[in-house]
Each structure stands twice: as C-alpha cells, then as structure tokens.
Amino acid sequence: KPGAVHDADVVRLWAIAGEGIAYKSWLDVREDVLSGRLEILLAQHLGELSPLNLVCPHRKQYSPAVRQLHQMLSRHLAPFAADMAAALANAEIPDSTA
1 KPGAVHDADV VRLWAIAGEG IAYKSWLDVR EDVLSGRLEI LLAQHLGELS PLNLVCPHRK
61 QYSPAVRQLH QMLSRHLAPF AADMAAALAN AEIPDSTA
C-alpha cells in the first residue's frame, strides 16, 4: 500500500531519482521537464486545471502596487503556459487503437 507524503518537493526529488511516478503541478516540474530530468507520462490524461487567482478588492480599488503585482505575475507566468503546451505536444501518447 502506498504511503502518504506531505512534502511536495520530496515527491519531486524521488521522481527525479527514478523512485516512482509523481502527479505534480506544471509550476513544480516545468524546469525538470524542460531540462530532461523528468518526462511527461500519460499525456493523454491531463490533470485538473489549477488556475492561479489574484484575489483583491474591486478593480476600481486596485492600488498601484497591486496593479504592478498583477502585471509582473502575468508576464512571469505567461511562458509557463507556452512551455506546457510545447511539452505536451512533444510527449509520446500511446496509440489506443493498437
């Protein structure tokens, strides 16, 4: 029976070490997949979408600092979506008709 692990980075490190399969967020494994330390398995079975939300008061009440944070996060995270799409496009998907 598999045990429970409550440290997400330990799971990631075990997967890198070849100790098993990890079900992880793209934010956690992006660099590992792009560098070849990890590979995508079961690409045909995508996990749940986990959108990131910036929760703050009504838009009319955005402070300049919150507006800057939103812009910075948008710029920083945009490549993650593009990289994930490219990685999935290159992942091997088994032929289900075979």
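The opening residue of the sequence shown carries number 1 in the UniProt record's numbering; numbering runs sequentially from there.
We put the beta carbon where it would ideally sit given N, CA and C, even for glycine.
Please determine, among the options, the residue with the shortest C-alpha to C-alpha distance to residue i.
i     : options                   : result
Ala85 : Glu19, Lys24, Leu46       : Leu46
Glu48 : Met72, Trp26, Gly36       : Trp26
Leu88 : Asp7, Met72, Ala43, Pro51 : Ala43
Note down the Cα distance separating residue i from residue j, rounded to an integer number of angstroms.
i     : j     : result
Val11 : Ala4  : 10 angstroms
Ala62 : Glu19 : The sequence given here has Tyr at residue 62, not Ala. About 46 angstroms.
Leu69 : Glu92 : 37 angstroms
Leu34 : Ala17 : 16 angstroms
Asn90 : Lys60 : 42 angstroms
Ser50 : Lys24 : 11 angstroms
Buried or exposed for residue i, going by 16 or more other Cβ atoms inside 10 Å?
i           : result
Leu38       : buried
residue 101 : The structure shown has nothing for residue 101, since the chain only spans 1 to 98.
Ala65       : exposed
Ala82       : exposed
Ala22       : buried
Ala8        : exposed
Would you say residue i faces chain C, with C-beta separation under 8 angstroms as the test?
i     : result
Ala15 : As a matter of chain content, chain C is missing from the structure shown, which is built from one protein chain.
ask   = Contact between the region 21-33 and the region 54-61: three or more CB pairs below 8 angstroms?
value = no
task = Write down every uninterrupted run of the alpha helix (DSSP H) in the UniProt domain "LysR substrate-binding" (5-77) whose length is 4 residues or greater and which is fully enclosed by it, in chain order.
result = Listed in chain order, they are 8-16, 26-35.
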